[in-house]
Amino acid sequence: MEELLRDYGSTGTVWIWLVVAILIAAGGVALSIAISKGKFDLPRVKIDRLRYGSWALVFIGVLIALFTLADGEITFSQNNRALEQWNDDGYYVENYGEIEERDGETIQVKEGAKETVTEKKADHILTGCDRDVYAEVTNGEVWICVTE
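According to the working numbering, the residues represented by the sequence shown are 580 to 727, in order.
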């Protein structure tokens, strides 16, 4: 349960790749703007190659960003599915989600379609998640994973 809850509490998005993608795309846009303003004194053929290269950089940056975001969403979906399908000695996860408020071992969570706020007492507290999450097992145990 520990590993599953830590995985569920992690965003799954590799932020460094998003930063790299934005820098690559911004570099391509800056190069394209510089070409259009005539900053380079090169023959027409080389200017055209440079222009195509700048748009290729923009395209590559956007692709990296899209694939990084898609990978994060796929990972999030897989973690949800793994938590829903967890089973140990006949016990399974009854409820799970994000923690609204936390005061020590007491947490407040939204449950159901009406999203009513319910207070629960945590039995197991894990640290190291990117966001505060909980899982309630059918044996009555409440596991939480927090950022601090």
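Glycine included, every Cβ here is placed at the ideal spot set by N, Cα and C.
- request: Within the same chain, show all residues whose beta-carbon is closer than 8 Å to that of D709, passing over the 5 residues directly before and after it, in chain order.
  value: G588, S589, T590, T726
message: Spatial neighbours of V599 within its chain, please: C-beta separation below 7 Å, excluding the five flanking residues on both sides.
response: I643
field: Reduced DSSP secondary structure (H/G/I, E/B, other) of N658
entry: helix
field: Assigned exposure category for E582 - 16 Cβ within 10 Å defines buried
entry: exposed
field: Where the alpha helix (DSSP H) through G606 begins and ends
entry: 594-615
message: Going by beta-carbon coordinates alone, are R630 and I614 separated by less than 7 Å?
response: yes
message: Cutting at 7 Å between CB atoms, please list the residues of its own chain near W584, excluding the five before and the five after it.
response: Looking at the sequence itself, residue 584 is Leu, so the reference to Trp does not match. Hits under 7 Å: L705, V712, A714, W722, C724.
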